Amino acid sequence: MSDFLELFIKQVQSPTLGFLIGGIIVASFGSQLAIPDSIYKFITFFLLLKIGLSGGIAIRNSNISEILLPALAAVVIGVLIVFISRFTLARLPGIKFVDAVATGGLFGAVSGSTLAAVLPQLESSGIKFEAWTAALYPFMDIPALVTAIVVASIYTSKKTGNSAENVEIWPIIKESLQSSAVSALLLGVALGIATKPEPVYESFFNPLFRGFLSILMIIMGMEAAQRMNELRKVAQWFAIYAFIAPLLHGFIAFGIGMVIHQITGFSIGGAVVLAVIAASSSDISGPPTLRAGIPSANPSAYIGASTAIGTPVAIAIGIPLFIGIAEMIGG
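Each residue of the sequence shown is one higher than the last, beginning at 9 in our numbering.
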């Protein structure tokens, strides 16, 4: 146990988490520091494009059959997370059904910033993982959002007595694929597979990655502190769910990843990536998709829960926790 705590503390002290906590502290003290939205969008695009490129290069150099089972697992996990919220959060007192399902959709979808945070920490810890695991992002993200919108639409139709109303799946998938986060990631994957971008990847994207990631963590920390006010407006159950759910989802995904590890040789580091993206909650593609797909849901509930608590828990606790477990298992 002492070895695990030592490993956990080491991960908590990493620069990535330090910048996140720094952003929270700065915003909590009422600082007027502001980072323009255009810079935030560029940094997010850069990070996801870089992750996509590394994933595409790895896919080009890999056997596609190795990817199939982890990709299927990502789909199942994304859908499962929505139904966990449907049968837990939705049944708590004072919680609207559509708010609970939207929260499940957001927590089932994937955070680009959390994905960007875990990869360099795995490298720093010397834990091997398949570079193509970054490409699991849309396999979990899109099914979670689609499932949440479909479940909420069916519920709303039954409640209004309009059971004949059909829920169109393709527009939801299309909107998710066209979101800035998924588009940047898929563009990088496509370029990594179809071209040979290694020279520009090594000379431009790789050296700048950690610096831009640090700035993104400051932004995420500041936004988390600011969103806390929104979370206070809704039931306390959202705060409790937002703290517990990322770790629960992560443990489920890590367990599934370890089963795949035993079956196919999928790396323990890959299981960590699967766990962390399951623990994450979408900060880019999810909110606009859910606003449009479940307009009756309260954004303060699901976005506040995600940004104020879910993302910090996933990054500050989830990443070091699962990396610590991986180090214990891997020796």
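Note that CB positions come from ideal geometry on N, CA and C, so glycine has one too.
Note that the coordinates shown come from a computational prediction; the quantities given were computed from them, not determined experimentally.
Report the three-state DSSP secondary structure of residue i (helix, strand or coil).
i: residue 117; result: coil
i: residue 295; result: helix
i: residue 102; result: coil
i: residue 289; result: coil
i: residue 273; result: coil
i: residue 304; result: coil
i: residue 41; result: coil
i: residue 52; result: helix
i: residue 72; result: coil
i: residue 328; result: helix
i: residue 203; result: coil
i: residue 138; result: coil
i: residue 96; result: coil
i: residue 172; result: Only weak support exists for where residue 172 lies, its pLDDT of 48 falling under 50; the value from the coordinates is given anyway. Coil.
i: residue 323; result: helix
If you draw a straight line from the alpha carbon of residue i to that of residue j, how long is it in whole angstroms?
i: residue 262; j: residue 117; result: 16 angstroms
i: residue 108; j: residue 207; result: 46 angstroms
i: residue 65; j: residue 74; result: 15 angstroms
i: residue 329; j: residue 335; result: 10 angstroms
i: residue 308; j: residue 168; result: 24 angstroms
i: residue 314; j: residue 185; result: 21 angstroms
i: residue 303; j: residue 92; result: 21 angstroms
i: residue 46; j: residue 249; result: 32 angstroms
i: residue 159; j: residue 83; result: 16 angstroms
i: residue 67; j: residue 85; result: 22 angstroms
i: residue 42; j: residue 317; result: 21 angstroms
i: residue 277; j: residue 88; result: 22 angstroms
i: residue 147; j: residue 140; result: 12 angstroms
i: residue 222; j: residue 211; result: 19 angstroms
i: residue 106; j: residue 124; result: 30 angstroms
i: residue 231; j: residue 35; result: 8 angstroms
i: residue 80; j: residue 312; result: 30 angstroms
i: residue 273; j: residue 137; result: 11 angstroms
i: residue 295; j: residue 203; result: 32 angstroms
i: residue 269; j: residue 37; result: 45 angstroms
i: residue 111; j: residue 127; result: 26 angstroms
i: residue 153; j: residue 271; result: 29 angstroms
i: residue 40; j: residue 251; result: 28 angstroms
i: residue 324; j: residue 215; result: 24 angstroms
i: residue 225; j: residue 90; result: 26 angstroms
i: residue 72; j: residue 297; result: 30 angstroms
Only counting the same chain, and skipping five residues up and downstream in sequence, which positions put a Cβ closer than 8 angstroms to that of residue i?
i: residue 6; result: An answer regarding residue 6 cannot be provided, because it is not within the stretch 9 to 339 covered by the chain.
i: residue 70; result: 138 and 140
Tell me which same chain residues have a C-beta within less than 6 angstroms of the C-beta of residue i, skipping the five on either side of it?
i: residue 229; result: 28, 31 and 32
i: residue 58; result: 213 and 217
i: residue 193; result: 56, 60 and 145
i: residue 266; result: 279
i: residue 162; result: none
i: residue 200; result: 61, 64 and 65
i: residue 227; result: 43 and 48
i: residue 235; result: 312, 315 and 316
i: residue 7; result: This structure gives no information on residue 7, because the portion of the chain shown stretches from 9 to 339.
i: residue 320; result: 232
i: residue 205; result: 61 and 199
i: residue 306; result: 107
i: residue 282; result: 261 and 265
i: residue 155; result: 87 and 90
i: residue 209; result: 61
i: residue 310; result: 110, 111 and 114
i: residue 26; result: none
Use the C-beta contact count for residue i: other C-beta atoms within 10 angstroms, 16 or more gives buried, fewer gives exposed.
i: residue 53; result: buried
i: residue 172; result: Confidence in residue 172 is poor, its pLDDT being 48 and thus under 50, which makes the residue's placement unreliable; the coordinate value appears in the next sentence. So residue 172 ends up on the exposed side.
i: residue 196; result: buried
i: residue 178; result: exposed
i: residue 338; result: exposed
i: residue 142; result: buried
i: residue 275; result: buried
i: residue 151; result: buried
i: residue 115; result: buried
i: residue 113; result: buried
i: residue 76; result: exposed
i: residue 78; result: buried
i: residue 326; result: buried
i: residue 333; result: buried
i: residue 157; result: buried
Can you list, in chain order, the residues of its chain with a C-beta nearer than 7 angstroms to that of residue i? Leave out the 5 residues immediately preceding and following it.
i: residue 331; result: 19, 129, 130, 133, 135 and 280
i: residue 100; result: 245
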